[in-house]
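Heads up, the thing below is written out as structure tokens.
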Amino acid sequence: MGLEEKVAEMAKAYGWHVELRKKHGSRVQDLILRRGGLVLVVQVKDLSSPAGPRAVTQTKKDFDEYVRHLLKEKLGITVIPVLISNNISDRARRRALSYGIRYYAPGELEKILK
């Protein structure tokens, strides 16, 4: 039994509803644990070495995608992060694209709000 399955079994024993490796949005989350109004988006890393920054980033991305899924599929809400600035550096533009953030100049604001 792998670590994901062990965590899932332990959660079930404590009364959690468990979804194992299910796709929500564009990402597959290792485990979604629900009990009452609490949801845990769990990333499991069964590694011989300590989890590094990449595992933290993956966990954050899984969480963000699950929240987007809940908002859109369960509540019918789409949330879009927007940065408005007079200018944006190439590095910031690449990072914004990787995070799904849209960026606009102040003069474009009226156009996007219509």
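Going by my numbering, the letters in the sequence shown line up with residues 20 to 133, in that order. Cβ atoms here follow ideal geometry from the backbone N, Cα and C, with glycine treated the same way.
Residues near residue i by beta carbon distance below 7 angstroms, same chain, minus five either side
| i | result |
| --- | --- |
| Phe82 | Val60 |
| Ser45 | Glu84 |
| Pro125 | Ile103 and Asn105 |
| Leu39 | Glu23, Ala27 and Leu50 |
Start and end residues, alpha helix (DSSP H) containing residue i
| i | result |
| --- | --- |
| Asp81 | Pro72 to His88 |
| Tyr118 | Asp109 to Tyr118 |
| Lys164 | The requested residue 164 does not occur in the structure, where the chain is confined to residues 20 to 133. |
| Met20 | Where Met20 is concerned, there is no enclosing alpha helix (DSSP H), given that its DSSP letter is neither H nor E. |
Expected contact under 8 angstroms - CB spacing of residue i and residue j to nearest Å
| i | j | result |
| --- | --- | --- |
| Ile99 | Arg121 | 6 angstroms |
| Ile103 | Leu128 | 6 angstroms |
| Val63 | Leu22 | 5 angstroms |
Same chain, Cβ closer than 6 angstroms to residue i, five either side skipped, listed in chain order
| i | result |
| --- | --- |
| Tyr118 | none |
| His36 | Arg53 |
| Val101 | Arg121 |
Local conformation of residue i per DSSP, three classes
| i | result |
| --- | --- |
| Asp65 | coil |
| Ile131 | helix |
Residue i: first and last residue of the uninterrupted beta strand (DSSP E) it sits in
| i | result |
| --- | --- |
| Ile96 | From DSSP, Ile96 is part of no beta strand (DSSP E); its letter is neither H nor E. |
| Tyr122 | Arg121 to Tyr123 |
Using 8 angstroms as the threshold, is the stretch 64-72 in touch with the stretch 88-97, meaning 3 or more CB pairs across them? No, the stretch 64-72 is not in contact with the stretch 88-97.
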